[in-house]
Amino acid sequence: MSAAAPDALDRFGLELGERVNPIVVKEVRQGLRTRTFWIFFALMLLACLVIALVAFAASDGGADKTGFGTFVAVFVALSLVQFFVIPYTAYRSMAREREEETWVLLTLTGLGPRRILAGKIGSFIAQGLLYASAAAPFLLFSYYLNGIDLPTILVAVVIAAGYQIFLVAVGVSVATLAESRIVRALLHFALLGGLFLALTAGISSSVGVAEEMRRLAGDDAFWVAAFSVLFALVTTGLLLFEAAAARLSLPTESYARGPRLLLVVQALGMAGLFALAFVVSHEVEALVIGAGLISLYVAVAGTFFGADRDGMARNHWARAGRFHLLRPGALRGYVLLVLVLAVGVGGLVALAMSRGGVALTDDKLVVMLTAPGLAVLYLSAPNVVARWIPHPPWQTAALVRILFIGLVVFGSGVPPLIGQIVLERPNDDALNALSPVMAMVNASEHGVTPALLLLWGVAVGVAFWTYFVLRARDAETHA
Amino acid sequence: MSLLEVKGLTRFFGGLRAVDDVSFTLEAGTILGFIGPNGAGKSTTMRIIATLDVPTQGEVLLDGKSVVEYPDLARPLIGYMPDRYGTYEDMTVLEFLDFFARAYKLKGKEREQRVQGVMEFAGLVPLKDKLTSELSKGMKQRVALGRTLLHDPKLLILDEPADGLDPRARIELRELLKALAAQGKAVLISSHILTELSEICDACAIIEQGKLLATGPVAEVLSRSAGAAPSSELVVRLFAPAEAVEALGRKAERLLLEQPLVSNVSVDGLTVRFKVELPAGTPPPPAWVDDASARLLKAMLAAELPVCSFQTRQLDLEDAFMNVTKGRVQ
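Protein chains in written order, with my numbering: chain A, 620 to 1098; chain B, 904 to 1233.
Here it is, written out as structure tokens:
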């Protein structure tokens, strides 16, 4: 080898070091210095070694098929680290940054919240790769023991990699949620529980897919479902990332753009996937479920996007108008949500009527129209109720979210209860017209009734009222 | 044009007016002490200037550009050190500074030189391979100060940098700040330790309940804070055997109270404090305090009082702070 080769390699290393996100360099450096990393690295390696030795001793020269069992055992050992330890460490790292307020210093360097978060996630992916590289020879060893083929190993590893990135994004994002010590403690335990569930779900689904790979590969429905899950994982991971970046952003930054763009992509992407499912299966139910899920998603997302703080920093206000829907502010978030709901569900309804043969009086259409009506009502009403509370410090985004939950619980429980006590009919159409649960049940069972008109009448009224409330709040902020 | 101009800055938190119409300026190469009790609005004002928060009303101009409208242009000009130093405990001093230099997009040789320069300036070279967790509070604070200097900012904003430091570390910090001002950097510093600020600040701004009560060069603020009537405090020490202390104190008190312009006489053992004060509205003649002091000393010696020391006590920022503020918090 010539002397120039190491120089070139050194230069490449230096160049790479200069270009790579500084957070990655810092986090990897810090990560490799922790006891946690080396303890789990050693434990995983030891487990893989023991598994391989046991499998080798149990195999009889390749005639049996111990490969699949070996693969599953090694995969579980690797998953414990990838799906639990690494996302949890990512959470701790980000939480410490928040607790010690070092993220403020990072933001001031001009790195920006997205690069900080991307660096965090990137560094934990890099640490995951180190673990995976140690386990890779053992996964390959399982192939030589027969019982599993290379494409199946590859598919399981790709799913696991995607899932690990998603869980790291969840960990980092959760760490940005906590402002107070109590909330931090609660989130800590919730995350531990959530990661435990995610670990079992990740292992069982990856192993399940590996087991059934050959049988499912020829089924179109499997691929639509797989693509939908992948879409949900990727877009939700990105949404969590953008939401975390928005939370870490300074008021002077355009924090709303990323999350709102992803909201649009997710809602309209969901509509597209359900439309695709309808085209593949010719089942109108796919469109009905799609309309319901999009409505539910927009209503829940509304508690975050429609409950944003009012107004926007002067630097944005100067460069954008009041109706730049990707700019900060509850007013713009709310209008965007309503538009997304109209386009997403409207498209599915149009498809159901034009290609699915659904008539105006069909029960399915009533369900498709009831769901968005309820969504509009419940994402609007909390803003109106919050406005009645006179003391300004109480009119916060958190209050709007609490009111959303309160109204949904009230709307779900009280009308059926009154129906039962007064009319002895808990499912009365008129009484339950605004009830988020009973209105949907009634729509699927009773078809077209005046309740649908009542629901839409109230929903449109409250929507306009909300628009004026939010507009007034926006104007007050910029007065 | 001043490097920093704060104009009518106001910040509400809900119904609370945390900063109320605050205006001041800061020139390059000067140190401005930002003084006020806890909760007065110092940190909020500093955070707004550092682009970490936005004002409800008002403007902050840095080098002629609004930090509210152009935060991205302002940040490279600002070095901000919050009251928590924010050092990563599991990194060495060199790694810590190198990381922030990378974050400030400094590359290759330039980064190495800048980190080395900052370490030399802050006296960190012997500690470069030590973990920051192993450093004393004073040293951690130097590391944090070094971090704020990496990108060579024009304005340094230091929020309570002397808090919790031992006397040696405080003196060292003072010297570092003086050196930075001599390099042409503007320094905005808040502190509770007013004697520290007295010695290094060229100008000061006193804030209470969000309102700016006084601002300007230190001497100007001191003379204004002394009130409408020009006055000065004097301290006299007597010498006498123990059995004569009380009698001597009474004699000195009687004598001083008979003299014109003298008031607020207090005797504590052999130490006598009193005030010489011109009537309110009287324009102070040149060197009137020296004249009055000479006359009073002569009178005391004539009365055979054993004076061993006779001093005019200078007003400092602590006096100005106590005179101007009312001790209110919000």
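Yeah, the Cβ is synthetic: ideal placement off N, Cα and C, and Gly gets one too.
Below 7 angstroms on C-beta distance, what does T954 of chain B contact in chain A? As a first step, residue 954 of chain B is located in the second sequence; it is residue number 51 there, counting from the start. The contacting residues are L869, T871.
Is the separation between the beta-carbon of T980 of chain A and that of M1059 of chain A shorter than 8 angstroms? The residue labelled residue 980 of chain A in the question sits at position 361 within the first sequence. The residue labelled residue 1059 of chain A in the question sits at position 440 within the first sequence. Contact: no.
Interface flag, G729 of chain A vs chain B, CB-CB below 8 angstroms: As a first step, residue 729 of chain A is located in the first sequence; it is residue number 110 there, counting from the start. Yes, contact with chain B.
Would you list, in sequence order, the uninterrupted alpha helix (DSSP H) runs of no fewer than 4 residues that lie entirely inside the region 1172 to 1205 of chain B? 1191 to 1205
Who does P991 of chain A pair with in a DSSP beta bridge? As a first step, residue 991 of chain A must be located in the first sequence, where it is residue number 372. Per DSSP, none; premise fails for P991 of chain A.
Using alpha carbons as the reference points, say which of B:A1085, B:G1113, B:L1116, B:K1114 lies closest to C1104 of chain B. Position 201 of the second sequence, counting from 1, holds the residue named residue 1104 of chain B. Of B:A1085, B:G1113, B:L1116, B:K1114, the residue nearest in Cα terms is B:A1085.
Could you check where the beta strand (DSSP E) with L1091 of chain B kicks off and where it finishes? Counting from 1 along the second sequence, the entry for residue 1091 of chain B is found at position 188. Unbroken beta strand (DSSP E) run through L1091 of chain B: 1089 to 1093.
Beta carbon of L1061 of chain B, beta carbon of R1045 of chain B: below 8 angstroms? In the second sequence, residue 1061 of chain B corresponds to position 158, counting from 1. In the second sequence, residue 1045 of chain B corresponds to position 142, counting from 1. Taking 8 angstroms as the Cβ cut-off, L1061 of chain B and R1045 of chain B do not qualify as a contacting pair.
Chain B beta carbons: is any one of them nearer than 8 angstroms to that of V1079 of chain A? Position 460 of the first sequence, counting from 1, holds the residue named residue 1079 of chain A. So no, V1079 of chain A is outside the interface.
List, in chain order, every chain A residue whose beta-carbon is nearer than 8 angstroms to that of M1042 of chain B. Within the second sequence, residue 1042 of chain B is the residue found at index 139, counting from 1. Chain A residues near M1042 of chain B: none, gap ~18 angstroms exceeds 8 angstroms.
How about A1006 of chain B: is its C-beta nearer than 8 angstroms to some C-beta of chain A? Taking the second sequence and counting its residues from 1, one reaches residue 1006 of chain B at position 103. By this cut-off, A1006 of chain B is an interface position.
For Y916 of chain A, the three-state DSSP class (helix, strand or coil): Stepping through the first sequence from its first residue, residue 916 of chain A is reached at position 297. Of the three classes helix, strand and coil, the one that applies to Y916 of chain A here is helix, per DSSP.
Any chance the region 798 to 816 of chain A sits against the region 873 to 891 of chain A, with 3 or more Cβ pairs inside 8 angstroms? no
What residues in its chain sit with their C-beta under 6 angstroms from that of G921 of chain A, if we drop five residues either side in the sequence? On the first sequence, position 302 is the one that residue 921 of chain A refers to. Short of 6 angstroms from the beta carbon of G921 of chain A, and not among the five residues preceding or following it, lie these beta carbons of its own chain, in chain order: L956, L998.
How is I658 of chain A classed by DSSP in three states: helix, strand or coil? As a position in the first sequence, residue 658 of chain A is number 39, starting the count at 1. If DSSP states are grouped into helix, strand and coil, I658 of chain A belongs with the helices.
Cα-Cα separation between P770 of chain A and P991 of chain A, rounded to whole angstroms: On the first sequence, residue 770 of chain A is found 151 positions in, with the first residue counted as 1. On the first sequence, residue 991 of chain A is found 372 positions in, with the first residue counted as 1. If you take the alpha carbons of P770 of chain A and P991 of chain A, they lie about 43 angstroms apart.
Of all the residues that make up the region 972 to 985 of chain B, which are near chain A by a beta-carbon distance shorter than 8 angstroms? E972, Y973, P974, D975, R978, P979, I981, Y983, P985
Does the beta carbon of K1010 of chain B sit closer than 8 angstroms to a beta carbon anywhere in chain A? For the purposes of this step, residue 1010 of chain B is taken as the residue at position 107 of the second sequence. Taking Cβ atoms only, chain A reaches closer than 8 angstroms to K1010 of chain B, which makes this a yes.
Under 8 angstroms between C-beta atoms, does R987 of chain B make it to chain A? Mapped onto the second sequence, residue 987 of chain B falls at position 84. By this cut-off, R987 of chain B is an interface position.
Would you call the region 788 to 806 of chain A and the region 704 to 711 of chain A touching, i.e. three or more CB-CB distances under 8 angstroms? yes
So, is the C-beta of F1003 of chain B closer than 8 angstroms to a C-beta in chain A? Taking the second sequence and counting its residues from 1, one reaches residue 1003 of chain B at position 100. At least one chain A Cβ lies under 8 angstroms of F1003 of chain B.
Any alpha helix (DSSP H) of 4 or more consecutive residues that is wholly inside the region 1036 to 1105 of chain B: 1040 to 1052, 1070 to 1085, 1097 to 1103
Given this structure, state the Cα-to-Cα distance separating V957 of chain B from A1082 of chain B, to the nearest angstrom. Residue 957 of chain B sits at position 54 when you count from the first residue of the second sequence. Residue 1082 of chain B sits at position 179 when you count from the first residue of the second sequence. Cα to Cα, V957 of chain B sits roughly 31 angstroms from A1082 of chain B.
Cα separation between A1131 of chain B and V1192 of chain B? Here residue 1131 of chain B refers to the residue found at position 228 of the second sequence. Here residue 1192 of chain B refers to the residue found at position 289 of the second sequence. Because the pLDDT of A1131 of chain B is 49, which lies under 50, any placement of that residue in the model is unreliable, and the number read from its coordinates should be weighed accordingly. Approximately 16 angstroms between the Cα atoms of the pair.
Cβ closer than 8 angstroms: which chain A residues qualify as neighbours of E1037 of chain B? For this step, residue 1037 of chain B is matched to residue 134 along the second sequence. Here the premise fails: no neighbours, minimum Cβ distance about 14 angstroms.
Below 8 angstroms on the Cβ atoms is my contact criterion, and I expect A794 of chain A with R734 of chain A to pass it. Report the Cβ-Cβ distance as a whole number of Å. Residue 794 of chain A sits at position 175 when you count from the first residue of the first sequence. Residue 734 of chain A sits at position 115 when you count from the first residue of the first sequence. About 17 angstroms; that fails the 8 angstroms criterion.
Would you say E1156 of chain B reaches chain A, if we count a Cβ-Cβ gap shorter than 8 angstroms as a contact? Numbered from 1 along the second sequence, position 253 holds the residue referred to as residue 1156 of chain B. False, the Cβ-Cβ gap to chain A never drops below 8 angstroms.
Note down the Cα distance separating A1094 of chain A from L805 of chain A, rounded to an integer number of angstroms. Translated into positions along the first sequence, residue 1094 of chain A becomes position 475. Translated into positions along the first sequence, residue 805 of chain A becomes position 186. Straight-line Cα distance between these residues: approximately 37 angstroms.
Helix, strand or coil at G982 of chain B according to DSSP, with G and I counted as helix: The residue labelled residue 982 of chain B in the question sits at position 79 within the second sequence. Here G982 of chain B sits in strand by DSSP.
Member of A:A809, A:G747, A:F846, A:V1088 whose CA lies at the smallest distance from the CA of I1008 of chain A: Within the first sequence, the letter at position 389 stands for residue 1008 of chain A. Among A:A809, A:G747, A:F846, A:V1088, the Cα nearest to that of I1008 of chain A is on A:V1088.
Mind checking T947 of chain B: buried by the 16 CB within 10 Å criterion, or exposed? Here residue 947 of chain B corresponds to residue number 44 of the second sequence, with the count starting at 1. Buried, since its Cβ has 16 or more Cβ neighbours within 10 Å.
So D993 of chain B contacts chain A; which residues on that side make the cut at Cβ distance below 8 angstroms? In the second sequence, residue 993 of chain B corresponds to position 90, counting from 1. For D993 of chain B, the neighbours in chain A by C-beta distance under 8 angstroms run, in chain order, Q649, R652, T653.
Could you tell me the distance, in whole angstroms, from the CA atom of L997 of chain B to the CA atom of M904 of chain B? Position 94 of the second sequence, counting from 1, holds the residue named residue 997 of chain B. Position 1 of the second sequence, counting from 1, holds the residue named residue 904 of chain B. Cα to Cα, L997 of chain B sits roughly 38 angstroms from M904 of chain B.
If you reduce the DSSP assignment to three classes, tell me which class S799 of chain A lands in. Mapped onto the first sequence, residue 799 of chain A falls at position 180. If DSSP states are grouped into helix, strand and coil, S799 of chain A belongs with coil.
Quick check for students: name the residue ranges of the alpha helix (DSSP H) that lie wholly in the region 1001 to 1088 of chain A, counting only runs of 4 or more. 1016 to 1037, 1057 to 1065
If distances are taken between C-alpha atoms only, which option among A:L915, A:L764, A:L672, A:F660 comes closest to F1023 of chain A? Within the first sequence, numbered from 1, the residue matching residue 1023 of chain A stands at position 404. For the residues A:L915, A:L764, A:L672, A:F660, the minimum Cα distance to F1023 of chain A belongs to A:L915.
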